[in-house]
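Asker:
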Amino acid sequence: MPELTTKLTKDLEETGVAILPGVLSAQESRDAVDRLWAAAEGFRRMGGPTFMPQLDPNESNVRVFALLELDPLFRDLIRNPAALDLVEAVLGEGWMISNFTANIARPGSRSMSLHSDQALVVPEPWLAPWSVNIIWCLTDVRGENGGTLYIPGSHRFERLADVPDDALARLTPIVAPAGSIAVMDGRIWHTSGANVTKDEDRALLFGYYSADFLRPQVNWNALLSEETQGSLDPWMRARLGLDAAANIRMAGQLLGARPKSPMGVS
Ligand SMILES: O=C(O)CCC(=O)C(=O)O
Numbered sequence: 001m002p003e004l005t006t007k008l009t010k011d012l013e014e015t016g017v018a019i020l021p022g023v024l025s026a027q028e029s030r031d032a033v034d035r036l037w038a039a040a041e042g043f044r045r046m047g048g049p050t051f052m053p054q055l056d057p058n059e060s061n062v063r064v065f066a067l068l069e070l071d072p073l074f075r076d077l078i079r080n081p082a083a084l085d086l087v088e089a090v091l092g093e094g095w096m097i098s099n100f101t102a103n104i105a106r107p108g109s110r111s112m113s114l115h116s117d118q119a120l121v122v123p124e125p126w127l128a129p130w131s132v133n134i135i136w137c138l139t140d141v142r143g144e145n146g147g148t149l150y151i152p153g154s155h156r157f158e159r160l161a162d163v164p165d166d167a168l169a170r171l172t173p174i175v176a177p178a179g180s181i182a183v184m185d186g187r188i189w190h191t192s193g194a195n196v197t198k199d200e201d202r203a204l205l206f207g208y209y210s211a212d213f214l215r216p217q218v219n220w221n222a223l224l225s226e227e228t229q230g231s232l233d234p235w236m237r238a239r240l241g242l243d244a245a246a247n248i249r250m251a252g253q254l255l256g257a258r259p260k261s262p263m264g265v266s
């Protein structure tokens with residue numbers, strides 16, 4: 001299990017969120033934004049809606065699902081070694097890729113409903129982290145441009161009844177420079193922020209990983225084309241649950257070692 005720096009460990013334990021800056025360079029972040037807009041077009045061509053009224057109050061939020069189908073860049077990011085160190089520090093070695101999506105909050109976008117991602121996939125009580133979000137900050141993120149709002153310490157809420165009446169008043173934004181990863185315990189209660197800037201897009205990718213005994217949010221066999229599935233190596237196929245062995249706790253033996261982080265997370 002990777003050991004994180006004292007700061008990452010402390011922030012994760014105390015608040016449920018921690019920031020690792022400098023995973024992507026400024027240029028890599030800008031390129032990723034361009035490719036995300038191209039992926040949004042590709043998603044529309046697949047028939048996918050980039051505005052979902054059940055999620056967002058208006059069309060200023062641009063959602064892109066199926067990232068892993070749309071560009072090999074996203075297939076690299078989901079298995080980025082620094083990201084996986086953070087995933088394994090929270091979940092241990094037995095995890096699956098549950099989903100990978102984007103939310104571009106454009107000026108005028110407003111908050112969605114408060115939720116915890118673990119509560120969406122597991123009934124209460126939520127006693128341990130069984131899922132985690134790796135949030136790729138492709139642009140600078142702060143309160144004004146719609147930075148994700150979260151309740152520090154809400155990973156200790158075990159039941160819906162623990163969510164306080166003044167939950168919205170306790171929200172604080174994720175603040176991070178472009179190129180950072182924000183790691184967020186799956187139990188954290190959060191929502192998107194309102195982008196009150198005139199002309200600044202906030203582009204975030206949400207890599208969602210869950211314990212390997214949980215069904216991923218997405219049925220990858222149905223979502224990924226035959227061509228994409230055929231291009232994946234055995235390690236990635238196993239982490240997506242594409243093959244027959246779905247839930248027999250053999251991940252360690254089947255997968256072998258993965259590349260180590262060059263980022264010095266440990
Ligand atoms: O875009 C954000 O800041 C949060 C998005 C989110 O929580 C979600 O889509 O479930």
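Residue 129 in this note's numbering is what sits at position 129 of the sequence shown, and the numbering runs on without skipping anything. Ideal placement from N, C-alpha and C gives every residue a C-beta, glycine not left out.
1. In or out: Pro-21 buried (at least 16 other Cβ within 10 Å) or exposed?
2. Using the beta-carbon count (16 or more within 10 Å), is Pro-49 buried or exposed?
3. Going by DSSP, what residue range makes up the alpha helix (DSSP H) through Asp-165?
4. Would you kindly report the start and end of the unbroken alpha helix (DSSP H) that includes Ala-245?
5. Phe-74 lies in the alpha helix (DSSP H); which residues open and close that run?
6. Among the candidates Leu-114, Ala-203 and Pro-234, whose CA atom is the shortest distance from the CA of Asp-165?
7. For Ile-181 and Trp-220, which I take to be in contact (beta-carbon distance under 8 Å), what is that distance rounded to the nearest angstrom?
8. Grab the span of the beta strand (DSSP E) containing Phe-100 for me, first residue to last.
9. When you measure from the CB of Leu-36 to every non-hydrogen atom of ligand 1, does any distance come out below 8 Å?
10. Considering only the alpha carbon of each residue, which of Arg-75, Leu-214 and Gln-118 lies closest to Asn-247?
11. Within the continuous alpha helix (DSSP H) that includes Val-121, where are the two ends?
12. Is Met-112 near ligand 1, judged by its Cβ being under 8 Å from some heavy atom?
13. Take Pro-262 and list the residues in its own chain whose beta-carbon comes closer than 7 Å to its own, dropping the five residues that flank it on each side.
Answerer: The short version:
1. exposed
2. exposed
3. Unbroken run through Asp-165: none, as it is neither H nor E.
4. No alpha helix (DSSP H) contains Ala-245, which DSSP labels as neither H nor E.
5. 72-77
6. Leu-114
7. Not really, about 22 Å apart at Cβ, beyond 8 Å.
8. 95-105
9. no
10. Leu-214
11. 117-121
12. yes
13. Low confidence applies here, because Pro-262 scores a pLDDT of 49, under 50, leaving its location unreliable and the question unanswered by this model.
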